[in-house]
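Engineer: Structure incoming, see below.
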Amino acid sequence: MPEQLTTFDNPVAARFEVDEAKRTIKGLAVPYGTTAKGFQFSKGTLNWSDPSRVKILIAHDFDRAVGVVTGFDDTDEGLWVTARIAKGAAGDEALSMAAEGVWDGLSIGLGTPGRFAAKDGIQHAVAVPLREVSITPVPAFEDARIHSVAASAAQTRKEPTMGDETTQTVEPAADFSQVTTAVRDGITEAFSTLQFPQREIVPAAAGGAAAVTEELPYRFDGTKGEHSFSADIQAAYFSNDGEARQRLETFMEEAFARFAVTSTNTGALNPTQNRPELYVPQLAYTRPLWELVSTGTLEDKTPFTVPKFSSASGLVGNHTEGVEPTPGAFAATSQTITPGPVSGKIEINREVWDQGGSPQADQIIWNEMVNAYFEAIEAKIATALATVGTAELNLAGATDGALVGALTGYFAGLQFVRGGNRFTAFAADGNLFPALVAAKDAAGRPLLPVLGPTNAQGTTDGGFDRVQVGNQTVRAAWALGTGNDKTSYNFVPSSVWAWASAPKQFKFEYQLKSIDMGIWGYTATAILRDSDVKPVDYTTADA
């Protein structure tokens with residue numbers, strides 16, 4: 015369901031530029047120094063963390079996001095916005111309608127909390143978070159033909175409207191309908207004796223003075239009082255009105271002096287709040303395998319081929335004067351890479367969506383889906399490495415000096431492989447890596463200490479995610495797992511590849527009870543030369 019927003023129409027005309035080729039729009043989102051419906055903004059009062067987090071919507075409908083802000087220009091005249099419109103049917107429609115002058119208005123949506131200061135009957139913005147910018151159709155004011163300015167808070171309630179305009183409570187936390195109703199009903203019955211329509215003069219006893227009781231400032235019996243209870247609350251706590259605050263404090267002290275107010279009997283006025291900004295997520299996933307292999311990007315599942323060396327001989331030899339060299343031989347081959355899609359979906363009940371707020375609820379869930387997407391890619395790389403049939407290096411469960419000695423001997427031998435040692439990436443499973451960290455010499459000193467080594471073979475990183483054996487970095491890779499059937503891998507990075515597209519988010523509202531949010535992407539992995547991958551088995555048994 016689209017979110018209801020409050021609009022503050024702007025009668026000031028300004029340039030509205032549309033570049034359909036570059037898919038950009040530019041316009042004045044907020045004019046400064048102009049009052050609309052009792053509100054006014056000035057330079058520096060609107061704030062945002064990152065322009066790209068501010069989305070472009072159609073008519074403040076969060077289900078119709080069509081672009082992102084690429085830049086703001088906060089001038090003395092007002093806040094200018096430049097935005098990029100996304101590809102697709104919705105974005106094409108937005109560009110077309112804007113270019114034709116049908117949707118030629120810009121308006122803003124505000125987040126919470128927002129601070130305003132009342133002066134001469136006008137609410138002046140002090141510090142207000144900017145949540146979104148919308149493209150709007152015809153403004154309510156006849157002469158506002160270029161754009162109109164609208165502002166909204168994160169939680170709003172729709173009230174009676176006139177014409178094109180909608181109204182709202184600017185600060186949603188200041189909705190005192192429950193407070194007013196509860197106090198009115200309670201005081202009408204229990205505190206009716208404290209209400210005095212007129213000043214009451216009580217005759218004094220003989221020789222005494224007369225007692226004068228002043229009328230209370232608020233009435234809850236349907237009769238208009240001298241002041242409005244809810245209006246004074248708003249003025250006192252959101253506009254720093256000292257007189258209103260004094261009236262409230264005096265009234266509460268006198269009216270409730272005989273009654274204890276506890277958290278129990280005011281529970282309905284203090285509901286449990288949802289604080290999505292304090293959500294504690296899973297830890298962000300590290301991606302050691304992705305960081306060790308060579309990587310690329312994908313756009314779709316179209317297969318592609320990678321040319322590879324096959325064989326060569328006689329390319330260079332000793333030359334005999336006057337004799338033409340014998341031609342050498344060279345053969346190449348290719349490997350076809352076929353990307354595959356990965357996807358996922360979650361169903362979010364409408365009640366959870368509405369209560370959690372948007373974009374808080376969907377952003378929280380989306381972050382977890384992205385974590386799962388990265389986990390799937392790490393698992394695919396581990397699976398690709400496991401398909402290699404190269405003879406393994408079996409460390410037979412060696413520990414301490416024997417383990418480090420076996421590895422250093424293996425690394426030294428790589429220098430004599432044709433072309434020298436190109437095996438610069440080493441991903442360790444949950445069996446080998448802890449054994450390396452724990453390795454000690456005969457005196458009990460770590461062979462791979464955390465700090466500077468003394469008569470030791472290498473070091474261990476302070477984060478315990480990698481160890482250094484000589485100049486070879488051994489990286490802990492959680493996706494390789496633990497157990498006797500797991501394997502570590504030493505490999506040439508240019509021969510092990512992984513590709514992935516950026517995950518795409520989809521939302522579907524085809525039913526009332528819930529909203530589906532999906533994730534989609536393409537991935538591919540390939541071992542381009544099996545001989546460039548060396549499996550390293552720490553255990554003697556593989557089952």
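The letter at position 166 of the sequence shown is residue 180 when you use our numbering, and the numbering goes up by one with no holes. Every residue gets a Cβ at the ideal spot worked out from N, C-alpha and C, and that includes glycine. On a predicted model such as this, the values are computed, not experimentally measured, just so you know.
Just list the residues that DSSP pairs Ile99 with in beta bridges.
Structural biologist: DSSP, once it has assigned bridges, lists Gly81 as partnering Ile99.
Engineer: For Ile503, report the span of its beta strand (DSSP E) as first-last.
Structural biologist: Reading off the sequence, residue 503 comes out as Tyr, not Ile. That run of the beta strand (DSSP E) goes Ser502 to Phe505.
Engineer: Considering only the alpha carbon of each residue, which of Glu523, Met266, Ala439 and Val83 lies closest to Gly532?
Structural biologist: Selected option, being the one with the closest Cα: Glu523.
Engineer: State yes or no: is the C-beta of Ser148 nearer than 7 angstroms to some heavy atom of the ligand GDP?
Structural biologist: Within the structure as shown, the ligand GDP is missing, as the structure has no ligands at all.
Engineer: Are three or more beta carbon pairs between the segment 476 to 496 and the segment 512 to 520 nearer than 8 angstroms?
Structural biologist: Below 8 angstroms, too few C-beta pairs join the segment 476 to 496 and the segment 512 to 520 to call them touching: fewer than three.
Engineer: Rank Ala249, Ile70 and Arg259 by C-alpha distance to the C-alpha of Thr96 and give the top, closest one.
Structural biologist: Ile70
Engineer: How is the alpha helix (DSSP H) around Gly419 delimited, first residue to last?
Structural biologist: Asp414 to Leu428
Engineer: In the DSSP output, what is Tyr578 paired with across the bridge?
Structural biologist: In this structure the chain extends from 15 to 557, so residue 578 is not present and cannot be described.
Engineer: To the nearest angstrom, how far is it from the Cα of Phe430 to the Cα of Thr300?
Structural biologist: 34 angstroms
Engineer: Could you spell out the range, first to last residue, of the alpha helix (DSSP H) harbouring Trp304?
Structural biologist: Pro302 to Leu306
Engineer: Going straight from the alpha carbon of Ala441 to that of Thr401, what length do you get?
Structural biologist: 15 angstroms
Engineer: How many Å lie between Leu109 and Ile99 at the Cα?
Structural biologist: 7 angstroms
Engineer: Let me know the secondary structure DSSP gives Gln525 once reduced to three states.
Structural biologist: Here Gln525 sits in coil by DSSP.
Engineer: Judging by CA-CA distance, which residue of Ile122, Ala132, Ile136 and Trp94 is the nearest neighbour of Leu144?
Structural biologist: Of the listed residues, the one whose Cα sits closest to Leu144 is Ile122.
Engineer: Taking Ser348 as the reference, which of Pro463, Ala491, Pro317 and Glu361 has the closest Cα?
Structural biologist: For Ser348, the nearest C-alpha among the options comes from Pro317.
Engineer: Tell me the DSSP secondary structure of Glu31 in three-state form.
Structural biologist: strand
Engineer: By the three-class DSSP mapping on this structure, what secondary structure does Trp117 have?
Structural biologist: Note: Trp117 maps to coil in three-state DSSP.
Engineer: Take Trp117 and list the residues in its own chain whose beta-carbon comes closer than 6 angstroms to its own, dropping the five residues that flank it on each side.
Structural biologist: Met111, Ile149 and Pro151
Engineer: In whole angstroms, what is the alpha-carbon distance linking Ala35 and Leu93?
Structural biologist: 24 angstroms
Engineer: Grouping DSSP H, G and I as helix and E and B as strand, with all else coil, what is Asp75?
Structural biologist: Collapsing the DSSP output to three states places Asp75 in a strand.
Engineer: Strictly under 8 angstroms for the Cβ-Cβ distance: is Ala426 near chain D by that measure?
Structural biologist: Reference to chain D is not applicable here, since this structure consists of a single protein chain.
Engineer: Need the endpoints of the alpha helix (DSSP H) that Pro143 sits in, please.
Structural biologist: No alpha helix (DSSP H) contains Pro143, which is instead part of the beta strand (DSSP E) from Ile136 to Thr150.
Engineer: Rounded to whole angstroms, what's the CA-CA distance from Arg459 to Val506? Just pull it up for me.
Structural biologist: 32 angstroms
Engineer: Go ahead and pull the three-state DSSP assignment for Thr404.
Structural biologist: coil
Engineer: Determine contact between the segment 422 to 439 and the segment 491 to 510, defined as no fewer than three beta-carbon pairs at a distance below 8 angstroms.
Structural biologist: yes
Engineer: Would you list the one or two residues that DSSP bridges to Trp94?
Structural biologist: Leu42 and Asp87
Engineer: Can you name, in chain order, every residue of its own chain whose Cβ lies under 6 angstroms from the Cβ of His138, other than the five neighbours on each side?
Structural biologist: Gln54 and Ala131
Engineer: Go ahead and label Arg129 buried or exposed: buried means 16 or more other beta carbons lie within 10 angstroms of its beta carbon, across all protein chains shown.
Structural biologist: exposed
Engineer: To the nearest angstrom, how far is it from the Cα of Glu185 to the Cα of Val142?
Structural biologist: Its pLDDT being 43, under 50, Glu185 is placed unreliably by the model, and the measurement read from it follows with that caveat. The alpha-carbon atoms of Glu185 and Val142 are separated by roughly 11 angstroms.
Engineer: Can you give me the start and stop residues for the beta strand (DSSP E) that Val510 sits inside?
Structural biologist: Val510 to Ala514
Engineer: Assuming Leu409 contacts Asp551 (C-beta within less than 8 angstroms), just tell me the rounded distance between them.
Structural biologist: 7 angstroms
Engineer: Check the C-beta distance from Trp534 over to Lys518 and give it rounded, since I have them as a contact under 8 angstroms.
Structural biologist: 5 angstroms
Engineer: Less than 6 angstroms between C-beta atoms, sequence neighbours within five positions excluded: which residues of the same chain meet that for Gly310?
Structural biologist: Trp513
Engineer: Ends of the beta strand (DSSP E) at Ala326?
Structural biologist: Phe318 to Ser327
Engineer: Does Asn61 come out as helix, strand or coil in the three-state DSSP assignment?
Structural biologist: strand
Engineer: Count the other CB atoms within 10 Å of the CB of Asn363; is the residue buried (16 or more) or exposed (fewer)?
Structural biologist: exposed
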